[in-house]
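Asks: Each residue of the sequence shown is one higher than the one before, starting from 1484 at the first, in our numbering.
Don't be surprised by glycine CBs; every beta carbon is placed ideally from N, CA and C.
The structure is given below, and queries will be raised subsequently.
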Amino acid sequence: MADIMLHTSNNSGFTCVSNTFIDDFMKDANGEFVKIYLYLLRCLNIDGFEFSIGQLADCLDHTEKDVMRAFTYWEKVGLLRLEYSSDNELSGIHFTTPSDYSACASAPVLTQATSTPVANHTVAPTVASTETVEQKPSYSSDDLKAFKEEEEVRDLLFATQTYLGRPLSTSDTTTLLFWYDSLHMTVDLIQYLIETCIDGGHSSFHYMDTVARNWAEDGITTVEAARKTSSTRNNNVYTIMKAMGISGRDLIESELNYVDKWTETFSFSLDIICEACHRTIAQTNRPLFRYADSILTKWYKQSVKSLDDIKKLDDEFTSKNIEKFASAQANRANNGRANTSSKPNKFKNFSERDCDFEALEKKLLGY
């Protein structure tokens, strides 16, 4: 994925956050969205800093969908304005001033905004219900009490505590109810989600919440559909782990994010991804996902669709290198001959004479 350039004239060693943002916006926003916005502000204070959606996602241990979801939320409340190209790719981010929110909300054009040029980034398609899943609602004690009066909710809370082996915190309970009430996930689907994540070594509710949101965006509403999605993803993960020579451990979340990026954002087939993995091992002798990502990102920019496309690129690269090498060799050879003919040495350190040897021979013979 292409780098995104952030520009600002402020090079201070600290990041300024408006009190208006803290007082009027932060309290109503999802905590992860706040982290993404603050990190974006921090990047803006580094002049010429090159950053990508993937880099931000890796830094905060999110998926790229998380980042784009946060951008969409801050645009909706008026703190960001996103620009898209004709082919629905993110091409610009504009920061607006929180104190000017009311003016910005009604103005058709933002006149006081910090412009951020953004390289092409394809925006994942969203469903009509996306706005309802952007942030968790705040449940009162009466709300929680009412939910717990429902038998299937009580069963869900009990089953989740059993899976985790610990009591649920208020935040955990709120997240579960968010899936049940706002994402309209069935109890069976929620239990399958939790079981699958824990079996995969991910007991973090943040991780499970990301999976739940992704399922909601992808229209997954049944255990069967979720099982099919999980099966496909597990096959992708296993194949890539094998290509990287990884065994005896599971992939960590940042590595899984790369897998999602390659298979979903780039839409690469497994044979292309495995080819990049093989080249990574050949060059580094280590399963470096960031190195493999640099290869795949380059291929993505070059519109690679098959192994034949990769072979063509390799042939072009080899041909150019051969031409450069041949040209360099020819130049060195020409320079060597020129130097040899012009420079004196111990075998050739006298002044040359222009003699007619035939005339000398005739004179010697008396002709």
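1. Looking only at C-alpha atoms, which of H1577, D1544, A1540 sits nearest to E1558?
2. By the 10 Å Cβ neighbour count, where 16 or more other Cβ atoms means buried, how is N1740 classified, buried or exposed?
3. Would you check if the distance between the CB atom of G1683 and the CB atom of D1638 is smaller than 9 Å?
4. Quick check on H1456: does DSSP put it in helix, strand or coil?
5. Is DSSP giving Y1584 helix, strand or coil here?
6. May I ask you to list the residues that DSSP assigns as paired with Y1663?
7. Assuming H1577 is part of the alpha helix (DSSP H), what are its boundary residues?
8. When you compare the CB positions of D1776 and K1803, do they come within less than 9 Å of one another, or not?
9. Is the Cβ-Cβ distance between F1751 and Y1783 less than 9 Å?
10. Please state whether the Cβ-Cβ distance between L1771 and I1723 is less than 9 Å.
11. Roughly how many angstroms separate the alpha carbons of S1713 and V1706, rounded to a whole number?
12. Tell me, which residues are paired with Y1567 by DSSP?
13. CB-CB under 6 Å to C1757, same chain, minus the five flanking residues each way: which ones, in chain order?
14. Tell whether a beta-carbon distance below 9 Å holds between T1704 and T1669.
15. Compare the C-alpha of L1539 against each of Y1522, N1571, K1781, T1555 and name the closest.
Replies: Let's see:
1. Along the sequence shown, one-based indexing puts residue 1558 at 75. Of H1577, D1544, A1540, the residue nearest in Cα terms is H1577.
2. In the sequence shown, the residue the question calls residue 1740 occupies position 257. Under this definition N1740 is a buried residue.
3. Taking the sequence shown and counting its residues from 1, the one referred to as residue 1683 is at position 200. Taking the sequence shown and counting its residues from 1, the one referred to as residue 1638 is at position 155. It is not a contact, given that the beta carbons lie outside the stated cut-off.
4. The requested residue 1456 is not part of the displayed model; the chain covers only 1484 to 1850.
5. Along the sequence shown, read from residue 1 onward, the residue named residue 1584 stands at position 101. Note on Y1584: pLDDT 44, under 50, position unreliable in the model; no value is reported.
6. Locating residue 1663 in the sequence shown gives position 180, where the first residue counts as 1. According to DSSP, Y1663 bridges with nothing at all.
7. Walking along the sequence shown from the start, residue 1577 turns up at place 94. Per DSSP, H1577 belongs to no alpha helix (DSSP H); it is in the beta strand (DSSP E), 1572 to 1579.
8. To locate residue 1776, count along the sequence shown from 1; it is residue 293. To locate residue 1803, count along the sequence shown from 1; it is residue 320. No, they are not a contact pair.
9. Residue numbering aside, residue 1751 sits at position 268 when the sequence shown is read from its first letter. Residue numbering aside, residue 1783 sits at position 300 when the sequence shown is read from its first letter. Going by C-beta atoms, F1751 is nearer than 9 Å to Y1783.
10. Residue numbering aside, residue 1771 sits at position 288 when the sequence shown is read from its first letter. Residue numbering aside, residue 1723 sits at position 240 when the sequence shown is read from its first letter. No, these two residues do not count as a Cβ contact at 9 Å.
11. Taking the sequence shown and counting its residues from 1, the one referred to as residue 1713 is at position 230. Taking the sequence shown and counting its residues from 1, the one referred to as residue 1706 is at position 223. S1713 and V1706: Cα-Cα distance of roughly 10 Å.
12. For the purposes of this step, residue 1567 is identified with residue 84 of the sequence shown, where counting begins at 1. Bridge partners of Y1567: L1573.
13. Here residue 1757 refers to the residue found at position 274 of the sequence shown. Result list for C1757: A1726, in chain order.
14. For this step, residue 1704 is matched to residue 221 along the sequence shown. For this step, residue 1669 is matched to residue 186 along the sequence shown. In this structure, T1669 lies closer than 9 Å to T1704 by Cβ.
15. In the sequence shown, the residue the question calls residue 1539 occupies position 56. That would be Y1522, whose Cα lies nearest to the Cα of L1539.
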